[in-house]
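**Q** According to this note's numbering, the residues represented by the sequence shown are 2 to 260, in order. Would you mind keeping the following structure in view while I ask a few things?
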Amino acid sequence: MASDRLLKLLGPRGVAVCDGAMGTMLYARGVFVNRSFDELNLSDPDLVRSIHSEYIDAGADLIETNTFSANRFKLAAHGVEGLVHQINSEAARLAREAAEGRGVLVAGSVGPLGVRIEPWGPTALDEARAAFREQIRALVDAGVDLLMLETFYHLPELEQAALAAREVCDLPVVAQLTVTDEGSSPEGVEPPDFARTMSKWDVDAVGINCGTGPAATLEAIESIRDELDLPLSALPNAGQPRNVHGRNMYLTSPDYMAS
């Protein structure tokens, strides 16, 4: 079974605690949002490596490379689309250095392309798959342990990423879709339905990430738990901000997340 690849990688523990967001940590360090966070793998590797190390010190069993937007479409917005291989390779190297000797897995992070693909836009499916393939090849060649396809909004785009991963390698692949606070995908597909679709792509785990907070993520995961014979992933964010006495505040605390 495909999931055996992931279970073998996880070993006796069977469960991995993942790191948190990279982008918000970089922003908190003073990196402004108008630059490429992924390019920092080349221009400020010590900063990226230090964030990986902090997550490991906090107890992460698995860290993700700083490559969420490291595909040629998103990098083109910053004029560095010709550096796809270098940015992804260096990201994997930095994560591996931070994880060395710590018993921590390194996942190659792959996010959406940032363009509208058919049938919603002009980017062809094979063009989208080629872009995913280019990024994934660089991550795999640089030695990641598995691939995390994350924060996808549309199943057809996620499918192209999953197909590209299988064309490149036989590493474990975790496929994740975003859900809204109402518990469905942005397209209105219920979790059991999109999870069954995702399970047909030779992926090793399916799950929910970003988009909503711990409670809605847990509810979505529980709704698919009995539908599939695959490992599940749940990577919530802090949810949506609430207006409290005229101030927008996130109500999710570390204690609430841990509970």
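All residues carry an ideal CB built from backbone N, CA and C; glycine is no exception.
So for F74, helix, strand or coil by DSSP?
**A** Helix.
**Q** With a threshold of 8 Å, are at least 3 pairs of Cβ atoms found where one atom belongs to the stretch 33-47 and the other to the stretch 65-78?
**A** Cβ pair count under 8 Å is three or more, so yes.
**Q** Going by DSSP in three states, A17 sits in which element: helix, strand or coil?
**A** It is coil, neither helix nor strand.
**Q** May I ask you to verify whether the stretch 130-143 touches the stretch 193-203, counting CB pairs closer than 8 Å and requiring at least 3?
**A** No, they do not touch.
**Q** Could you check what DSSP says for L150 in three-state terms: helix, strand or coil?
**A** Three-state result, L150: strand.
**Q** Could you pull the DSSP bridge partners for I64 from this structure?
**A** V107.
**Q** Name, in chain order, the residues that DSSP records as bridge partners for G208.
**A** Bridge partners of G208: Q177, S234.
**Q** Just the Cα atoms here: how many angstroms apart are D146 and P46?
**A** Their backbone Cα atoms lie some 20 Å apart in a straight line.
**Q** By how many angstroms is the C-alpha of V175 removed from the C-alpha of L7?
**A** About 9 Å.
**Q** Is there contact between the stretch 149-157 and the stretch 108-116, where contact requires at least three CB pairs shorter than 8 Å?
**A** Short answer: they touch.
**Q** Checking 8 Å against the spacing of the C-beta atoms, do L63 and A17 come in under that value?
**A** Yes, Cβ-Cβ distance for L63 and A17 is below 8 Å.
**Q** Relative to the C-alpha of C19, which residue among S90, L148, P192, E168 is closest?
**A** When only C-alpha atoms are compared, the closest one is L148.
**Q** In terms of DSSP beta bridges, what is T124 paired with?
**A** Note: T124 sits in a beta bridge opposite I118.
**Q** Can you say whether A259 is buried or exposed, counting buried as having 16 or more other CB atoms within 10 angstroms of its CB?
**A** It counts as exposed.
**Q** Quick one: Cα of E220 to Cα of G184, how far?
**A** In a straight line, the C-alpha of E220 is about 7 Å away from that of G184.
**Q** Could you name the residues of the same chain whose beta carbon sits closer than 7 Å to that of R50, not counting the 5 residues immediately before and after it, in chain order?
**A** Taken in chain order, the residues that qualify are L95, E98, A99.
**Q** Taking just the CA atoms, how far does L10 sit from R103?
**A** Each residue's alpha carbon lies about 15 Å from the other.
**Q** Between S224, V116, A216, E82, which lies nearest to F195 when the distance is taken from Cα to Cα?
**A** Comparing Cα positions, the closest option is S224.
**Q** Hey, would you say G208 sits closer than 8 Å to T181, going by beta carbons?
**A** It is not a contact, given that the beta carbons lie outside the stated cut-off.
**Q** Tell me which residues share the same chain as T179 and place their Cβ nearer than 6 Å to its Cβ, disregarding the 5 neighbours each side in the sequence.
**A** Contacts found: T152, Y154, C211, G212.
**Q** Alpha carbon to alpha carbon, how far is F133 from N72? Give it in angstroms, no decimals.
**A** One C-alpha to the other measures close to 7 Å.
**Q** Could you tell me which of I52, R14, D5 sits nearest to T25, measuring between CA atoms?
**A** Ranking I52, R14, D5 by Cα distance to T25 puts I52 first.
**Q** Alpha carbon to alpha carbon, what distance is there between E228 and G189?
**A** Cα to Cα, G189 sits roughly 19 Å from E228.
**Q** Between which residues of its own chain and M23 is the CB-CB distance below 6 Å, once the five residues before and five after are set aside?
**A** Contacts found: N67.
**Q** Roughly how many angstroms separate the alpha carbons of A61 and V107, rounded to a whole number?
**A** Between A61 and V107, the C-alpha separation is close to 11 Å.
**Q** Specify the secondary structure class of S186 as computed by DSSP and reduced to three states.
**A** In the structure shown, S186 sits in coil (DSSP, three-state: anything other than H, G, I, E or B).
**Q** Indicate the three-state DSSP secondary structure (helix, strand or coil) for N89 in the structure shown.
**A** Helix, per DSSP.
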